[in-house]
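Novice: Have a look at the structure that comes next, please.
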Amino acid sequence: MFADFFVRKIDTIRSQLHLATVDNLLGFESSCETVEKLEYFSSVSEHQIENIIRLTNNKSCELDPIPTWLLKQCIPALLPIITKIVNLSLHDAFVPTLFKKAFLTPILKNISLSTDEENSFRPISNLSYVSKLIEKVVDTQLTNHIQEHNLDESLQSAYKKHHSTETAWVRLHNDILSELDDNKTVLLVSLDVSAAFDTIDHSILLRLLESRLGVSGQCLNWFRSYLSDRTTRVIIDGKRSDIKRVNFGVPQGSVLGPKLFTLYILPLGDIARKHNVQFHIYADDCQLYISFKYENRLETIDRMESLMHDIKTWMTKNMVKLNDDKTKFLVLTGPRRDCSDFPCLSIENESIVKSESVTLLGVELDDKLTLKSHVRNVAKSCFFKLRNMRKIRKCITEDAAKIMVHSMITSRLDYCNAILYGLPNCDLDRLYSVQKLAARLITGTRKYDHITPVLERLHWLPVKKRIEYKILLLVFKCLQGTAPEYLSELLKKRENKGTRADDKNLLVIPRFKKVTQGGRCFGRSGPTLWNNLPDSLRLETSFSIFKRRLKTHFFELSYK
Numbered sequence: 001m002f003a004d005f006f007v008r009k010i011d012t013i014r015s016q017l018h019l020a021t022v023d024n025l026l027g028f029e030s031s032c033e034t035v036e037k038l039e040y041f042s043s044v045s046e047h048q049i050e051n052i053i054r055l056t057n058n059k060s061c062e063l064d065p066i067p068t069w070l071l072k073q074c075i076p077a078l079l080p081i082i083t084k085i086v087n088l089s090l091h092d093a094f095v096p097t098l099f100k101k102a103f104l105t106p107i108l109k110n111i112s113l114s115t116d117e118e119n120s121f122r123p124i125s126n127l128s129y130v131s132k133l134i135e136k137v138v139d140t141q142l143t144n145h146i147q148e149h150n151l152d153e154s155l156q157s158a159y160k161k162h163h164s165t166e167t168a169w170v171r172l173h174n175d176i177l178s179e180l181d182d183n184k185t186v187l188l189v190s191l192d193v194s195a196a197f198d199t200i201d202h203s204i205l206l207r208l209l210e211s212r213l214g215v216s217g218q219c220l221n222w223f224r225s226y227l228s229d230r231t232t233r234v235i236i237d238g239k240r241s242d243i244k245r246v247n248f249g250v251p252q253g254s255v256l257g258p259k260l261f262t263l264y265i266l267p268l269g270d271i272a273r274k275h276n277v278q279f280h281i282y283a284d285d286c287q288l289y290i291s292f293k294y295e296n297r298l299e300t301i302d303r304m305e306s307l308m309h310d311i312k313t314w315m316t317k318n319m320v321k322l323n324d325d326k327t328k329f330l331v332l333t334g335p336r337r338d339c340s341d342f343p344c345l346s347i348e349n350e351s352i353v354k355s356e357s358v359t360l361l362g363v364e365l366d367d368k369l370t371l372k373s374h375v376r377n378v379a380k381s382c383f384f385k386l387r388n389m390r391k392i393r394k395c396i397t398e399d400a401a402k403i404m405v406h407s408m409i410t411s412r413l414d415y416c417n418a419i420l421y422g423l424p425n426c427d428l429d430r431l432y433s434v435q436k437l438a439a440r441l442i443t444g445t446r447k448y449d450h451i452t453p454v455l456e457r458l459h460w461l462p463v464k465k466r467i468e469y470k471i472l473l474l475v476f477k478c479l480q481g482t483a484p485e486y487l488s489e490l491l492k493k494r495e496n497k498g499t500r501a502d503d504k505n506l507l508v509i510p511r512f513k514k515v516t517q518g519g520r521c522f523g524r525s526g527p528t529l530w531n532n533l534p535d536s537l538r539l540e541t542s543f544s545i546f547k548r549r550l551k552t553h554f555f556e557l558s559y560k
């Protein structure tokens, strides 16, 4: 059932795209003749393969002759063989048929969706272990080539070292607040793509790898072999479907699949820049935003619609389906601005009605940027989980309770919490209530007992300090060159004027108009918090030491 559905779904989408009539869109199939070519993959040593193996998890596939955990125990005997297999694949530009087989597991897209609907599931590929080792080697060498020649999209944050959903959110949040602080309005469009990974056209992908990234010769032949003749079968509860050929897309669950998708959509950044529209991309999530004076809203709508027309044209030509029904737009303004007269946005005669909020990368963004609904949803979710945990608390140890709370509650409170800086106490107190209840659950503290000593014993920073802690870790990474460039460029060191302050590693604090907007920007909150740190902390260069000392510093401020 699932096997036929997944194949039928992709065939239907591609048929619709083939039937669509699109304009000629020139200028985004650029050739990079001057870029250094990547013609051959370098051989890897046994030591390199061993390091990769030791860093991987123990997940196995039914295609593997032995479990991964057993393979790791037999590394001395198997390492020469595995290394030879990897190098033969690289040198011969050939991926064996066995390594192109995949078992698909249907995974529910969202726990709120119905399990009776086939469309509620996405296919995740489970591939043989050695095939993923080969992919990891190729991914490393391809990434090095892209970084060395600056061929990547700087405003794409998925599957990249030092990048995350949080760094993407911090930059987006900073940009919007900066514009609102300047008394401007921001129009934000959130694009939704259908089955993004599964509709990719292999010939287009290979052409892009060659023309834009300089992949040629044996390397291009390897990718051609990797993409061709792939097969899959769905496996559920030990039952297997018939084998299906995979003619399109990149496998989700593979090492290279996500990277190849992000490279496939590189032209989206070019199109946005052509229209002078800001953007940020995270895998198949793309946010487009323009700042404007409200009286110029009609011109802004025309500009965004022109951009959307070009994006949809490019997507249609390249077998990527833009889901008009789920694409949303917000008009972000200050609290006193009435936007009820803002017109609808049209994409190819399809009208999109203005939304009051939209969920981006797990955070609910409202049109006033208060984040109240996001905080409320986080608190509600955590309270629900804590109530369920309470039912089994007496059956587990305190250490087990700590692990459970950390994985289900603390991680939720900390997710993208850098953008919560400057929110009113009434909002942050909701999250603090969650933290206090979690502490009581772990320690068995009664409802009316004082909670501060309990938090101190658990060595937990209060919610506000956790937010500041996260921001300062990002600032440190920016200054040390281990953060995305799009965050580092928001911070500037004070100019050297020959004074004692020049040796204290201080940052420039930008001016702002409104505490509730400009004061919440990372570009302003980061330098403010950084400059308030003790000199010895600001001058620290080791991340692990800085992290430990920063927590101790905040702990003493909170409890001593």
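Counting from 1, one number per residue, gives the positions in the sequence shown under my numbering. A virtual CB, placed ideally from N, CA and C, is assigned to each residue, including glycine.
1. Hey, how far is the Cα of lysine 84 from the Cα of glycine 217?
2. Which one or two residues does DSSP pair with phenylalanine 103 in a beta bridge?
3. Please report how far the alpha carbon of tyrosine 40 lies from the alpha carbon of valine 95, in whole angstroms.
4. Work out the CA separation of valine 358 and leucine 330 for me, nearest whole Å.
5. Can you grab the Cα-Cα spacing for the pair aspartate 64 / tryptophan 530, in whole Å?
6. Quick one: Cα of serine 211 to Cα of serine 525, how far?
7. Below 8 Å, can you find three or more Cβ-Cβ pairs linking the segment 259-279 to the segment 148-165?
8. By the 10 Å Cβ neighbour count, where 16 or more other Cβ atoms means buried, how is leucine 491 classified, buried or exposed?
9. Within the same chain, show all residues whose beta-carbon is closer than 6 Å to that of valine 375, passing over the 5 residues directly before and after it, in chain order.
10. According to DSSP, is serine 291 part of a helix, a strand, or is it coil?
11. At which residues does the alpha helix (DSSP H) containing glutamate 299 begin and terminate?
12. For leucine 26, which three-state DSSP category applies?
13. Is the segment 328-344 touching the segment 177-191 in the sense that three or more CB pairs, one from each, lie closer than 8 Å?
14. Compute the beta-carbon to beta-carbon distance between phenylalanine 261 and aspartate 201, rounded to the nearest angstrom, for a pair I have assumed lies under 8 Å.
15. Which class does aspartate 324 belong to by DSSP, given the choice of helix, strand or coil?
16. First and last residue of the alpha helix (DSSP H) that includes phenylalanine 279?
17. Name the residue from Thr516, Trp460, Val454, Pro527 whose alpha carbon lies nearest to the alpha carbon of glutamate 489.
18. Quick check: leucine 561 and leucine 307, are their CB atoms within less than 8 Å of each other?
19. Taking just the CA atoms, how far does proline 251 sit from leucine 227?
20. Consider the C-beta atom of asparagine 87 and the heavy atoms of the ligand ADP; say whether any pair is separated by less than 7 Å.
21. Which ranges does the beta strand (DSSP E) cover as unbroken runs of at least 3 residues, wholly within the segment 362-428, from first to last along the chain?
22. With distances taken Cα to Cα, identify the nearest neighbour of lysine 101 among Leu205, Ser203, Val246.
23. What separation, rounded to the nearest whole angstrom, lies between the Cα atoms of lysine 556 and proline 534?
24. Please name the residue in Asp237, Met315, Glu118, His553 whose C-alpha comes closest to that of phenylalanine 5.
25. Residue range of the beta strand (DSSP E) that isoleucine 265 falls in?
26. Between tryptophan 169 and valine 434, which are expected to be in contact by the criterion C-beta below 8 Å, what is the C-beta distance as a whole number of angstroms?
27. Can threonine 167 and leucine 361 be called in contact, C-beta distance under 8 Å?
28. Residues in the same chain with beta-carbon distance under 8 Å from glycine 214, minus the five sequence neighbours each way, listed in chain order, please.
29. If you compare alpha carbons, which of Ser355, Arg230, Ser542 is closest to serine 254?
30. Within its chain, find whatever has a CB closer than 7 Å to the CB of serine 558; leave out the 5 residues flanking it on each side and keep chain order.
31. Would cysteine 344 be called buried (16 or more neighbouring beta carbons within 10 Å of its own) or exposed?
32. Do you know offhand how far glycine 27's Cα is from leucine 206's?
33. Grab me the residues of tyrosine 469's own chain with a C-beta within less than 7 Å of its C-beta, minus the 5 sequence neighbours each way, in chain order.
34. Secondary structure at valine 44, three-state DSSP: helix, strand or coil?
35. Taking the alpha-carbon of phenylalanine 522 as reference, which of Leu472, Leu506, His18 has the nearest alpha-carbon?
36. Mapping the DSSP letters down to three states, classify lysine 354 as helix, strand or coil.
Specialist: Taking the coordinates as given:
1. Stepping through the sequence shown from its first residue, residue 84 is reached at position 84. Stepping through the sequence shown from its first residue, residue 217 is reached at position 217. So the two alpha carbons sit approximately 21 Å from each other.
2. Taking the sequence shown and counting its residues from 1, the one referred to as residue 103 is at position 103. In the DSSP assignment, phenylalanine 103 is bridged to Asn126, Arg233.
3. Translated into positions along the sequence shown, residue 40 becomes position 40. Translated into positions along the sequence shown, residue 95 becomes position 95. About 15 Å.
4. Indexing the sequence shown from 1 puts residue 330 at position 330. Indexing the sequence shown from 1 puts residue 358 at position 358. Those two C-alpha atoms are separated by around 8 Å.
5. Here residue 64 refers to the residue found at position 64 of the sequence shown. Here residue 530 refers to the residue found at position 530 of the sequence shown. If I take the Cα positions, the gap works out to 50 Å.
6. Locating residue 211 in the sequence shown gives position 211, counting from the first residue. Locating residue 525 in the sequence shown gives position 525, counting from the first residue. Taken atom to atom, the span from the alpha-carbon of serine 211 to that of serine 525 is near 42 Å.
7. The segment 259-279, when compared against the segment 148-165, does touch it at the 8 Å Cβ threshold.
8. Along the sequence shown, read from residue 1 onward, the residue named residue 491 stands at position 491. By the C-beta density criterion, leucine 491 is buried, having at least 16 other C-beta atoms within 10 angstroms.
9. For the purposes of this step, residue 375 is taken as residue 375 along the sequence shown, with counting starting at 1. Hits under 6 Å: Asp427, Arg430.
10. Counted from its first residue, the sequence shown places residue 291 at position 291. Of the three classes helix, strand and coil, the one that applies to serine 291 here is strand, per DSSP.
11. Numbered from its first residue, the sequence shown carries residue 299 at position 299. For glutamate 299, the uninterrupted alpha helix (DSSP H) segment begins and ends at 297-317.
12. Within the sequence shown, the letter at position 26 stands for residue 26. Residue placement at leucine 26 cannot be trusted, given a pLDDT of 46 that sits under 50; what the coordinates show is reported in the next sentence. Reduced to three states, the DSSP call for leucine 26 is coil.
13. Under the 8 Å Cβ criterion, the segment 177-191 counts as touching the segment 328-344, having at least three qualifying pairs.
14. Here residue 261 is taken as the residue at index 261 of the sequence shown, counted from 1. Here residue 201 is taken as the residue at index 201 of the sequence shown, counted from 1. Contact flag wrong, Cβ pair sits at about 12 Å.
15. The residue you call residue 324 lines up with position 324 of the sequence shown. Coil at aspartate 324, not helix or strand.
16. For the purposes of this step, residue 279 is taken as residue 279 along the sequence shown, with counting starting at 1. First-last for phenylalanine 279: 278-282, but that is the beta strand (DSSP E), not the alpha helix (DSSP H).
17. Along the sequence shown, read from residue 1 onward, the residue named residue 489 stands at position 489. Minimum Cα distance to glutamate 489 is reached at Pro527.
18. Missing from the structure shown is residue 561; the chain here goes from 1 to 560 and no further.
19. Within the sequence shown, the letter at position 227 stands for residue 227. Within the sequence shown, the letter at position 251 stands for residue 251. Going by the C-alpha atoms only, they are around 9 Å apart.
20. For the ligand ADP, the structure offers nothing, since it holds no ligand at all.
21. You should have 363-366.
22. Numbered from its first residue, the sequence shown carries residue 101 at position 101. The candidate whose alpha carbon is nearest that of lysine 101 is Val246.
23. Indexing the sequence shown from 1 puts residue 556 at position 556. Indexing the sequence shown from 1 puts residue 534 at position 534. Note that residue 556 is glutamate in the sequence shown, not lysine. Straight-line Cα distance between these residues: approximately 13 Å.
24. Taking the sequence shown and counting its residues from 1, the one referred to as residue 5 is at position 5. If we check each option's Cα against that of phenylalanine 5, Glu118 comes out closest.
25. By one-based count along the sequence shown, residue 265 stands at place 265. No beta strand (DSSP E) contains isoleucine 265, which DSSP labels as neither H nor E.
26. Position 169 of the sequence shown, counted from the start, is the residue given in the question as residue 169. Position 434 of the sequence shown, counted from the start, is the residue given in the question as residue 434. No, tryptophan 169 and valine 434 are not in contact; Cβ-Cβ is about 20 Å, not under 8 Å.
27. Walking along the sequence shown from the start, residue 167 turns up at place 167. Walking along the sequence shown from the start, residue 361 turns up at place 361. Not in contact: threonine 167 and leucine 361 (Cβ atoms no closer than 8 Å).
28. On the sequence shown, residue 214 is found 214 positions in, with the first residue counted as 1. Counting only residues of its own chain and dropping the five nearest sequence neighbours on each side, glycine 214 has a CB closer than 8 Å to the CB of Cys32, Val35, Glu36, Lys37, Leu38, His145, His149, Leu151.
29. Taking the first residue of the sequence shown as position 1, residue 254 is located at position 254. Scanning Ser355, Arg230, Ser542 for the CA closest to the CA of serine 254 turns up Arg230.
30. Translated into positions along the sequence shown, residue 558 becomes position 558. So the qualifying residues of the chain are Leu461, Pro462, Lys465.
31. Taking the sequence shown and counting its residues from 1, one reaches residue 344 at position 344. Exposed, because fewer than 16 other Cβ atoms sit within 10 Å of the Cβ of cysteine 344.
32. The count along the sequence shown starts at 1 and reaches residue 27 at position 27. The count along the sequence shown starts at 1 and reaches residue 206 at position 206. Because glycine 27 sits at a pLDDT of 49, beneath the cut-off of 50, its placement in the model cannot be relied upon, and the following sentence gives the value as read from the coordinates. Here the alpha carbon of glycine 27 sits roughly 18 Å from the alpha carbon of leucine 206.
33. Position 469 of the sequence shown, counting from 1, holds the residue named residue 469. The residues are Leu461, Leu550, Lys551, Phe554.
34. Counting from 1 along the sequence shown, the entry for residue 44 is found at position 44. Correct three-state label for valine 44: coil.
35. Walking along the sequence shown from the start, residue 522 turns up at place 522. Shortest Cα-Cα distance from phenylalanine 522 to any of Leu472, Leu506, His18 involves Leu472.
36. Numbered from 1 along the sequence shown, position 354 holds the residue referred to as residue 354. Note: lysine 354 maps to coil in three-state DSSP.
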